[in-house]
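Residue numbers (our numbering): 12 to 258.
Input: a single structure, listed below in structure tokens.
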């Protein structure tokens, strides 16, 4: 009986931690509509992979025991879960995910831009990770929604689930895209749009965006993390650069 009491006590201590182990569930939603050529697609996927590898970002993801899912989206009924929910508990997990992003094939090439349907599919995926405290959609796009449900029509559903939507607007051919994303796409407390002037600008902007939505938020309330990140010198230099960016 004494052993049983000890076991029950231990389980009662463990259960709250299990329920809140995942701080962040993040859906990465990448635009692969017809306006994105093959070079631009490659820039997006390689830039995203390098953003995940960034020392600041990768440490924050591991500390948060984050879950990440990748969606590629285009026109109506053309949204794909390219990488299902992936738990990031070590730096090796982050590197493995980055490699999968780099190797992910493009599902479509010549279709429209259904932003609302991308948000709808992303919203549904959070039903699988209810243990995660924060739910964020990180959507990138280079054009206005021109097919399917309006993205703003999804805001009530997203709000009911406590989902924040941030975006990166690639303004290569649409100089008013940032304003459109602010008005129609993003939602939630502290939601923001990062602007990339063109696709060449994307790698720098996606790294900055990940730092802002992952690293800065995670640092607010997680305890110190003792396992050192890879390449500490690079980590320190990048941290200094990021501090300048967000001053």
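Even glycine gets a Cβ: it sits at the ideal position worked out from N, Cα and C.
Measuring alpha carbon to alpha carbon, tell me which residue in the options is nearest residue i.
{"i": "residue 146", "options": "152, 153, 154, 137", "result": "137"}
{"i": "residue 210", "options": "45, 36, 44, 53", "result": "53"}
{"i": "residue 61", "options": "75, 186, 110, 131", "result": "110"}
{"i": "residue 56", "options": "39, 105, 35", "result": "39"}
{"i": "residue 104", "options": "177, 43, 63, 143", "result": "63"}
{"i": "residue 41", "options": "116, 65, 102, 33", "result": "116"}
{"i": "residue 100", "options": "83, 72, 90", "result": "72"}
{"i": "residue 185", "options": "154, 165, 166", "result": "154"}
{"i": "residue 217", "options": "181, 201, 199, 191", "result": "181"}
{"i": "residue 213", "options": "32, 50, 45, 37", "result": "50"}
{"i": "residue 113", "options": "223, 58, 224, 225", "result": "58"}
{"i": "residue 77", "options": "97, 45, 196, 122", "result": "97"}
{"i": "residue 193", "options": "83, 222, 162", "result": "162"}
{"i": "residue 46", "options": "32, 203, 156, 202", "result": "156"}
{"i": "residue 43", "options": "32, 188, 90", "result": "90"}
{"i": "residue 92", "options": "33, 118, 221", "result": "118"}
{"i": "residue 202", "options": "221, 141, 85", "result": "221"}
{"i": "residue 86", "options": "69, 121, 70, 65", "result": "121"}
{"i": "residue 158", "options": "69, 65, 84, 37", "result": "84"}
Here's the rule: buried if 16 or more other CB atoms are within 10 angstroms of the residue's CB, otherwise exposed. What is residue i?
{"i": "residue 19", "result": "Note that residue 19 scores a pLDDT of 32, beneath 50, so its modelled location is shaky; the value from the coordinates is reported in the next line. Classification of residue 19: exposed, given that the 10 Å Cβ count is below 16."}
{"i": "residue 48", "result": "exposed"}
{"i": "residue 124", "result": "buried"}
{"i": "residue 134", "result": "buried"}
{"i": "residue 129", "result": "buried"}
{"i": "residue 171", "result": "exposed"}
{"i": "residue 198", "result": "buried"}
{"i": "residue 168", "result": "exposed"}
{"i": "residue 139", "result": "exposed"}
{"i": "residue 165", "result": "buried"}
{"i": "residue 224", "result": "buried"}
{"i": "residue 190", "result": "exposed"}
{"i": "residue 88", "result": "exposed"}
{"i": "residue 107", "result": "exposed"}
{"i": "residue 177", "result": "buried"}
{"i": "residue 82", "result": "buried"}
{"i": "residue 251", "result": "Residue placement at residue 251 is flagged as unreliable, the pLDDT there being 42, under the threshold of 50; a coordinate-derived value is accordingly withheld."}
{"i": "residue 226", "result": "buried"}
{"i": "residue 208", "result": "exposed"}
{"i": "residue 2", "result": "One cannot answer for residue 2 here, as it falls past the ends of the chain, which runs 12 to 258."}
Residue i bridges to which residues according to DSSP?
{"i": "residue 78", "result": "36, 98"}
{"i": "residue 177", "result": "149"}
{"i": "residue 198", "result": "176"}
{"i": "residue 226", "result": "Answer is none; residue 226 lacks a bridge partner."}
{"i": "residue 205", "result": "179"}
{"i": "residue 41", "result": "83"}
Using 8 Å for Cβ pairs, my map puts residue i next to residue j. What's the rounded Cβ distance?
{"i": "residue 179", "j": "residue 151", "result": "4 Å"}
{"i": "residue 94", "j": "residue 80", "result": "6 Å"}
{"i": "residue 75", "j": "residue 35", "result": "4 Å"}
{"i": "residue 205", "j": "residue 219", "result": "6 Å"}
{"i": "residue 160", "j": "residue 127", "result": "4 Å"}
{"i": "residue 33", "j": "residue 187", "result": "Wrong, their Cβ atoms sit about 37 Å apart, outside the cutoff."}
Under 7 Å, Cβ to Cβ, is there at least one residue of chain B near residue i?
{"i": "residue 162", "result": "Note that chain B does not occur in the displayed structure, where there is just one protein chain."}
Open item on the list: Which complete beta strand (DSSP E) runs does the stretch 83 to 134 hold, if anything under 3 residues is left out?
Closed with: For the stretch 83 to 134, whole beta strand (DSSP E) runs of length 3 or above, ordered along the chain, are 90 to 98.
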